[in-house]
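Comments concern the structure below.
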Amino acid sequence: MQKKEIATNKAPAAIGPYSQAVRIGDTLWTSGQIPIDPATGALVQGGIREQGTRVFENLKAVLEQAGTDFSRVVKVNVFITDLNDFAALNELYATYFDKPYPARSCVQVSGLPKGALVEIEMVASV
Numbered sequence: 213m214q215k216k217e218i219a220t221n222k223a224p225a226a227i228g229p230y231s232q233a234v235r236i237g238d239t240l241w242t243s244g245q246i247p248i249d250p251a252t253g254a255l256v257q258g259g260i261r262e263q264g265t266r267v268f269e270n271l272k273a274v275l276e277q278a279g280t281d282f283s284r285v286v287k288v289n290v291f292i293t294d295l296n297d298f299a300a301l302n303e304l305y306a307t308y309f310d311k312p313y314p315a316r317s318c319v320q321v322s323g324l325p326k327g328a329l330v331e332i333e334m335v336a337s338v
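Residue numbering for the sequence shown follows the working numbering, beginning at 213 and increasing consecutively.
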């Protein structure tokens, strides 16, 4: 199967040697998205809700570019800098997904690019 790069200007451009997402067959793997506003290239200000919303909107744009959506996401990896933000992020998460929910991991990390509070990556069927 051939690997296909997925890219959209509705999400932040890759700032290194990686793709926003890669599709092989009927499976899409997204790179981690942080709360960068694609229009300005700046980190979204605010707390976990504001930053989390931007991350989900960035991922939504990547999923749409690949011809899929949140209903077809099967795995989510969440990286947050403070587990005290877990409950608020969970509330936001529930607004983007319906049952049956994707499998998910959530880990606290010591830091993320640009001082972001959250980074999320997904695997989806296309």
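Yeah, the Cβ is synthetic: ideal placement off N, Cα and C, and Gly gets one too.
On a predicted model such as this, the values are computed, not experimentally measured, just so you know.
> In three-state DSSP terms, what is L329?
Replying inline: coil
> Over what stretch of residues does the alpha helix (DSSP H) that includes Q277 continue unbroken?
Replying inline: 260-277
> Does the beta-carbon distance from P224 to I260 come in below 8 Å?
Replying inline: no
>> Using the Cβ count rule (16 or more neighbours within 10 Å means buried), how would you classify I227?
In response: exposed
>> Here's the rule: buried if 16 or more other CB atoms are within 10 angstroms of the residue's CB, otherwise exposed. What is S243?
In response: buried
> Going by C-alpha distance, which of N302, D310, T280 is nearest T265?
Replying inline: N302
> Distance, Cα to Cα, I246 vs D310?
Replying inline: 22 Å
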